[in-house]
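S.K.: So that we are looking at the same thing, I have put the structure below in structure tokens.
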Amino acid sequence: MDDNDDVVIIGAGICGLATALALHKKGIKGVVMERSESLRNVTGAGIAVRPNGWRALDQLGVAEILRHTAVPLNWERDISLDGGKQKETSLTHWDGETRCLRRKDLIDTLYAALPPGTVKFGCQLESIKLDPHSNKPVLRFIDGSSFVAKVVIGCDGGKSVVADFLNLKPTKMFPLCAVRGLTSYPTGHSFGHQLIRFRKDNILVGRTPIHDNLVFWFCVLPNIRKDQKHWEDPEAIRQSTLELVSDHPNEIREMIENTNMKSLSITHLRYRAPWDLLSGTFSKGTVTVAGDAMHIMGPFLGQGGSAGLEDAVVLARIMAQLGSTSVGSGSKVTTPGVEKAFNQFVKQRRMRVLRLSLQTYLIGMLWGTSSLLKKILYYMLLSLLFHNQNSHTNYDCGFL
1 MDDNDDVVII GAGICGLATA LALHKKGIKG VVMERSESLR NVTGAGIAVR
51 PNGWRALDQL GVAEILRHTA VPLNWERDIS LDGGKQKETS LTHWDGETRC
101 LRRKDLIDTL YAALPPGTVK FGCQLESIKL DPHSNKPVLR FIDGSSFVAK
151 VVIGCDGGKS VVADFLNLKP TKMFPLCAVR GLTSYPTGHS FGHQLIRFRK
201 DNILVGRTPI HDNLVFWFCV LPNIRKDQKH WEDPEAIRQS TLELVSDHPN
251 EIREMIENTN MKSLSITHLR YRAPWDLLSG TFSKGTVTVA GDAMHIMGPF
301 LGQGGSAGLE DAVVLARIMA QLGSTSVGSG SKVTTPGVEK AFNQFVKQRR
351 MRVLRLSLQT YLIGMLWGTS SLLKKILYYM LLSLLFHNQN SHTNYDCGFL
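Everything in the sequence shown is counted per the UniProt record's numbering, starting at 1 for the first residue and increasing by one.
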């Protein structure tokens, strides 16, 4: 870094790349500092994008490219293998589209839309402190290098260094973990364009097509205490998952048996507590957070990625309005303006992400508890607070 007028974005995940792209479209120069040595497009498998996420992608100018990579989903089906109950929800009645993207396709598309050199790799942030003279944030990296930044946006995930600087409370863990993978069907599959979830005992298996030859699947299960190396071995993950779904339909077991081993991952599900979202200080001066660093949530609504895309659009719009002045063909950020912009950003986003996080929290705790009394309590709260369980897809982040 040789220009402290740049906006520094920490993390080249979905939200970090989307934020850089949104700022670029508003004429604000930004640089993304990524800890990995290359683009993290091989981790993760699929990501659901609901109508609200597509509205954000439309504003970022990449939606049409991504629509060619995934089929629109028409139905959601929940099937209980214990009681035989089924519930169907038509997705075509929603105002907008739902698709499941390969995470790689989304990351690659956002990255390709950025000016060359926007992302700096091999830059792992270690700490942030304020310069005692200028009061600007000083970024220190694990290789010993450091520089003074004018503006910092932390998009560095659930274990965010930027969130630590803001003194946000640590994220918490659901009593659940999730296995995810991709399975190819070279001659095509017969699953239709629907998201289907199978529930049996305390195991949830979901399956959704990305296109006619590729399926994304996930398995949510109680946390299993095993040696960490066990869960870093794809074959061990696959075999353990197969054991857990041994009494599921053959098509589920075959899907997991034939999964792409490189796509397999297991994650202990984390969340930022809704009450911490209500009270947390998400900006300090010219430093703020967005995406999972701000509001990591369970995957139960399929909204984590879309919420980060919304953040990018809203943040860039407000920064262009309040945090910058026009200079030639671009814009230059101003410290007083950025502080106002970040305060406004947090104000606009707090209730949106609080509502998403509360709904996912209640669903996660409902699935994760073995107490019948607690299950009844969580179910009642969900019914009371979220009578329309799909209203979260109606949100519109607005024009960039």
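Cβ coordinates follow ideal geometry from the N, Cα and C atoms, glycine included. Treat the numbers as computed from the prediction; the structure is a model and nothing was measured.
Taking contact to mean at least 3 C-beta pairs separated by less than 8 angstroms, is the region 71–79 in contact with the region 115–123?
M.R.: Touching, no, given that fewer than three Cβ pairs across the two stretches are closer than 8 angstroms.
S.K.: In angstroms with no decimal places, state the Cα-to-Cα distance between Ala316 and Ala290.
M.R.: 11 angstroms
S.K.: Taking Asn382 and Leu362 to be in contact with their CB atoms under 8 angstroms, please state how far apart those CB atoms are, rounded to whole angstroms.
M.R.: As written in the sequence, residue 382 is Leu, which differs from the Asn given in the question. Rounded, the Cβ-Cβ distance is 5 angstroms, consistent with contact.
S.K.: Using the rule of at least 16 other Cβ atoms within 10 Å of the residue's Cβ for burial, across every protein chain shown, is Asn52 buried or exposed?
M.R.: buried
S.K.: Buried or exposed: which applies to His295, given that a residue is buried once 16 or more other Cβ atoms fall within 10 Å of its Cβ?
M.R.: buried
S.K.: When you compare only the Cα positions, how much space is there between Lys104 and His133?
M.R.: 43 angstroms
S.K.: With a threshold of 9 angstroms between beta-carbons, can Ser265 be considered close to chain C, or not?
M.R.: Here there is only one protein chain, and chain C is not present.
S.K.: By alpha-carbon positions, which one of Val151, Ser127, Leu114 ends up nearest to Ser145?
M.R.: Selected option, being the one with the closest Cα: Ser127.
S.K.: Only counting the same chain, and skipping five residues up and downstream in sequence, which positions put a Cβ closer than 8 angstroms to that of Met255?
M.R.: Thr183, Arg207, Val215, Trp217
S.K.: Going by DSSP, which residues form a beta bridge with Asp108?
M.R.: DSSP output for Asp108 lists no bridge partner at all.
S.K.: Does the region 22–29 come into contact with the region 316–326, if we say contact requires no fewer than three beta-carbon pairs (one atom in each stretch) closer than 8 angstroms?
M.R.: yes
S.K.: Run through the DSSP bridge pairs and tell me what Trp217 is partnered with.
M.R.: Gly181, Arg207
S.K.: Report the CB separation of Leu242 from Leu221 in whole angstroms; it is logged as a contact under 8 angstroms.
M.R.: Contact doesn't hold; Cβ gap of about 12 angstroms is too wide.
S.K.: My output table needs one value for Tyr271: the three-state DSSP class, helix, strand or coil.
M.R.: strand
S.K.: Tell me whether Ser306 sits in a helix, a strand or coil according to DSSP, three-state version.
M.R.: helix
S.K.: Compute the Euclidean distance between the alpha carbons of Thr360 and Thr369, then round it to the nearest angstrom.
M.R.: 14 angstroms
S.K.: For the alpha helix (DSSP H) holding Met261, just list the boundary residues, first then last.
M.R.: Met261 -> no alpha helix (DSSP H), and no H or E assigned at all.
S.K.: So for Cys100, helix, strand or coil by DSSP?
M.R.: strand
S.K.: Quick one: what does DSSP say Thr171 is sitting in, helix, strand or coil?
M.R.: coil
S.K.: Less than 7 angstroms between C-beta atoms, sequence neighbours within five positions excluded: which residues of the same chain meet that for Leu151?
M.R.: The residue you asked about is not Leu; residue 151 is Val in the sequence shown. Same-chain partners within the cutoff: Val7, Val8, Thr286, Val333, Val338.
S.K.: Let me confirm a value: Asp2 is counted as buried when at least 16 other C-beta atoms fall within 10 Å, else exposed. Which label applies?
M.R.: Here the model assigns Asp2 a pLDDT of 49, short of 50, so the residue's position is not dependable, and the following value carries that caveat. Counting Cβ neighbours within 10 Å, Asp2 comes out exposed, since fewer than 16 surround it.
S.K.: Out of Ser371, Ala273, Val205, His189, point me to the one whose CA is closest to Ala178's CA.
M.R.: Val205
S.K.: DSSP beta-bridge partners for Gly154?
M.R.: Ile10, Val289
S.K.: Looking at the structure shown, is Met380 part of a helix, part of a strand, or coil, going by DSSP?
M.R.: helix
S.K.: According to the neighbour-count rule (16 or more other Cβ atoms, all chains shown, within 10 Å of its Cβ), is Ala12 buried or exposed?
M.R.: buried
S.K.: Please report how far the alpha carbon of Met261 lies from the alpha carbon of Gly181, in whole angstroms.
M.R.: 8 angstroms
S.K.: Secondary structure at Leu372, three-state DSSP: helix, strand or coil?
M.R.: helix
S.K.: Using the beta-carbon count (16 or more within 10 Å), is Pro299 buried or exposed?
M.R.: buried
S.K.: Short of 8 angstroms in beta carbon distance, which residues of its chain neighbour Asn4, apart from the five on each side in sequence? Order them along the chain.
M.R.: Residue confidence is low: Asn4 scores 47 on pLDDT, short of 50, so the model does not pin down where it sits. No coordinate-derived value is stated.
S.K.: Just to check my reading of the structure: Gly364 and Leu269 have Cβ atoms closer than 8 angstroms, yes? What is that Cβ distance to the nearest angstrom?
M.R.: 7 angstroms
S.K.: Runs of 4 residues minimum, wholly inside the region 335–370: which ones carry the alpha helix (DSSP H) assignment?
M.R.: 335–368
S.K.: Could you name the residues of the same chain whose beta carbon sits closer than 8 angstroms to that of Asp276, not counting the 5 residues immediately before and after it, in chain order?
M.R.: Leu168, Lys169
S.K.: Decide if Gly83 is buried, meaning its Cβ has at least 16 other Cβ atoms within 10 Å, or exposed.
M.R.: exposed
S.K.: Does DSSP classify Arg40 as helix, strand or coil?
M.R.: coil
S.K.: Do you know how far the Cα of Gln348 is from the Cα of Ser36?
M.R.: Straight-line Cα distance between these residues: approximately 31 angstroms.
S.K.: Assign Gln321 to one of three DSSP states: helix, strand, or coil.
M.R.: helix
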